[in-house]
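**Q** Using this note's numbering, the final residue of the sequence shown is 503, and nothing's skipped along the way.
Sharing a structure with you now.
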Amino acid sequence: MKDCFYCGSPVDDQATRCSYCGAHQKAYRMIIASSNQAYNEGLVRAKRHDLSGAMVCLSRALRYNKKNTDARNLLGLVYMEFGEPVLALREWVISKSFAPEENEADRYLDMVQRQSGMFDRIDNATKKFNQAIAYCQDGNYDLARIQLKRVLSSNPKMVRAHQLLALLDIREEKYIEANRSLSAAARIDTNNALTTTYQQEVRVHLAEARKNNKKKKAQQSRVVDFTDGNDTVRMPRQTFIEALDNSKSGLFNILIGGVIGVLVCVFLVMPTMKQKANSDAASALVNANSQAASSQSDANSLKEEVKQLQKKLDKYEGQSDVKGSYEQLLVAENAVKEKDNGAASTALEKVNKTLLDTNGKSIYEEVAKSVDAQVMKEKYQEGRDLMASGDYAKAIQAFKTVIKIDETYENGDALYRLAESFEKNGDTDKAVKYYTKVAEDYGSFYKGRNSARKVEELKAASEEAEDTQR
């Protein structure tokens, strides 16, 4: 006995219509059977680690029967194995709403709750993956690569991260690294269409590379190179028999040439060589004297060149490489998002701005601007609190930090409070200096007019004190 899908009344297994409402049961049973068949096919594919195929089959099963909790629970497990925990939780929660009692989804949800740290780690990896996509869209491929490696360290089963990293390797023609990433993705999802497409492309390029290497090695094996003075001579490689056959016809000529060469050497070359040796000895003596005279100037010029090269070396010594600068820039950006101003400032100090590209410099400026804004806000409030407590010396340092970044902060209020702190701390000269600047820059405001009055009062008091001392 089963319940009628329309009115819920019990219906015999052999009945074609409900005896209470008259609803036709045959078509409904066919739909349920199709859903179960799709579920069975999805189960087989999941056991084979064909996650993409399993997703298709299980989604079809749920289109036929959304209350098929077995299919929905299995789809959640497939999503979890695929590295998509949020989608897995969605399916299990829906399954539990359809069947609150005796549902495997309860066990899966309890497992996730017991391992909350694991879920948070995977969720953060998903956010970093989305950030990597944004970097790719902006053309920051180095930052995207760093972010993807962090994603895979937190969630090594995330197929989409493996695929995107492989795509970046293909873009840079690093086909061996791309094949390694795609193989990792294929071990998780054996029949993923996108992974298969990328693998076919990579295999074509790898085959071409192997073919070119074989041709190069074959060409190198057919020739022999040797050096004759400053020249490199390349000639075909021959066996001993081939060389002997080719040389028989010239042996006689070689012997005659050798005899003639000996006679020429004895009667013509030797006397000339003796004369040349005497001339060379005299020239060598003259050259030695001239070289001794010029050696001191050459040594001085070499020392100067060493100094110049050392200056260049000192200039570039300690610079971070490109990868290190991008990594520190990424740390600074994340620290700003987490409102950790100290960590962001420390990371920015380690970034070599000259090694960044245009997009990297733009991100650097945005992060630095955010850090400066937060520093000014914190130091300005700190200075006000210190003034209220009467600690004017520390208040001066806080306001100095603010105006060093932006003298116009809070429409000149930071500059005005710095002057006021100097006045109350007994430093009249510096108080007059900063009051004067406020009066010049903000003369149309109350703080400007009040600063001008303060300047006159402080100068008058200073003159009166000098007259008293006289």
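Glycine included, C-beta positions come from ideal geometry on N, C-alpha and C.
Since the model is a prediction, treat every value here as computed from it, not as a measurement.
Residues in its own chain within less than 8 Å of A380 by CB, not counting five upstream and five downstream?
**A** Result list for A380: Q361, L362, V364, A365 and A368, in chain order.
**Q** Between the Cα of N9 and those of A177, A66, K99 and S128, spot the shortest distance and give me the residue it belongs to.
**A** Nothing can be reported for residue 9: it is not among the residues displayed for the chain, which extend from 34 to 503.
**Q** Please go through the same chain and pick out, in chain order, the residues whose beta-carbon is closer than 8 Å to the beta-carbon of K182, but skip the five residues on each side of it.
**A** Same-chain partners within the cutoff: L198.
**Q** Tell me D390's beta-bridge partners as DSSP assigns them.
**A** Answer is none; D390 lacks a bridge partner.
**Q** Taking 8 Å as the threshold (C-beta atoms), are T441 and K412 in contact?
**A** Not closer than 8 Å, so no.
**Q** On the CB-based measure, 16 or more other CB atoms within 10 Å of its CB, does Y349 come out buried or exposed?
**A** At Y349, the pLDDT of 49 sits below 50, so the modelled position is not reliable; the number obtained from the coordinates is stated separately. Label assigned to Y349: exposed.
**Q** Starting from H195 and walking both ways along the alpha helix (DSSP H), at which residues does that stretch end?
**A** V192 to R204 is the span of the alpha helix (DSSP H), which, as asked, contains H195.
**Q** Hey, L239 and Q196: beta-carbon distance below 8 Å or not?
**A** Not a contact, by the Cβ cut-off of 8 Å.
**Q** If you reduce the DSSP assignment to three classes, tell me which class R178 lands in.
**A** Three-state result, R178: helix.
**Q** Please go through the same chain and pick out, in chain order, the residues whose beta-carbon is closer than 6 Å to the beta-carbon of G75, but skip the five residues on each side of it.
**A** Result list for G75: A87, C90 and L91, in chain order.
**Q** Between L110, M144 and N98, which has its C-alpha nearest F131's C-alpha?
**A** Residue N98 is the option with its Cα nearest to F131.
**Q** How would you call Q180, buried or exposed, if buried means at least 16 neighbouring beta carbons within 10 angstroms?
**A** Buried is the call here.
**Q** So the candidates are E443, L84, Y61 and K457; which of them puts its Cα closest to the Cα of N225?
**A** For N225, the nearest C-alpha among the options comes from L84.
**Q** Using CA atoms only, rank isn't needed, just tell me which of V295, F115, A79 and I438 is closest to Q407.
**A** Looking at the Cα atoms, I438 is the closest of the given residues.
**Q** At the 8 Å Cβ level, is K244 part of the contact set with chain C, yes or no?
**A** Although the question refers to chain C, the structure presented lacks it and comprises just one protein chain.
**Q** Write down the C-beta distance between V384 and S358 rounded to the nearest angstrom, noting that I regard them as a contact closer than 8 Å.
**A** Yes, they are in contact, since the Cβ atoms of V384 and S358 sit about 5 Å apart, within 8 Å.
**Q** To the nearest angstrom, how far is the alpha carbon of A376 from that of K370?
**A** Those two C-alpha atoms are separated by around 11 Å.
**Q** From the DSSP output, in three-state form, read off D36 for me.
**A** D36 falls in the strand class under three-state DSSP.
**Q** Looking only at its chain, what residues have a beta carbon closer than 8 Å to the beta carbon of A494, apart from the 5 residues adjacent to it on each side?
**A** Same-chain partners within the cutoff: T461.
**Q** Within the same chain, show all residues whose beta-carbon is closer than 8 Å to that of R192, passing over the 5 residues directly before and after it, in chain order.
**A** A quick correction: the sequence has Val, not Arg, at residue 192. The answer, listed in chain order, is L84, F115, G116, A218, I221, D222, N225 and T228.
**Q** Go ahead and label S128 buried or exposed: buried means 16 or more other beta carbons lie within 10 angstroms of its beta carbon, across all protein chains shown.
**A** Result: buried.
**Q** Please classify K340: is it buried, with 16 or more other beta-carbons within 10 angstroms of its beta-carbon, or exposed?
**A** Counting Cβ neighbours within 10 Å, K340 comes out exposed, since fewer than 16 surround it.
**Q** For the alpha helix (DSSP H) holding R81, just list the boundary residues, first then last.
**A** Taken as a continuous stretch (DSSP letters only), R81 belongs to no alpha helix (DSSP H), as it is neither H nor E.
**Q** Which of the three DSSP states is assigned to P133 in this structure?
**A** Correct three-state label for P133: coil.
**Q** Could you tell me the distance, in whole angstroms, from the CA atom of D139 to the CA atom of I436?
**A** One C-alpha to the other measures close to 59 Å.
**Q** With distances taken from CA atoms, which of I429, N188 and E499 is nearest M113?
**A** It is N188.
**Q** May I ask you to report which of helix, strand or coil DSSP gives T223?
**A** In the structure shown, T223 sits in coil (DSSP, three-state: anything other than H, G, I, E or B).
**Q** How is N173 classed by DSSP in three states: helix, strand or coil?
**A** Residue state, collapsed to three classes: coil.
**Q** I'd like the list of long-range same chain contacts for C169, defined as Cβ closer than 8 Å, with 5 residues on each side in sequence excluded.
**A** Counting only Cβ-Cβ distances below 8 Å, and skipping sequence neighbours, we find A177, L197 and L201.
**Q** Between the beta-carbon of G481 and the beta-carbon of A472, is there less than 8 Å?
**A** Against a cut-off of 8 Å, the Cβ pair of A472 and G481 comes out as a contact.
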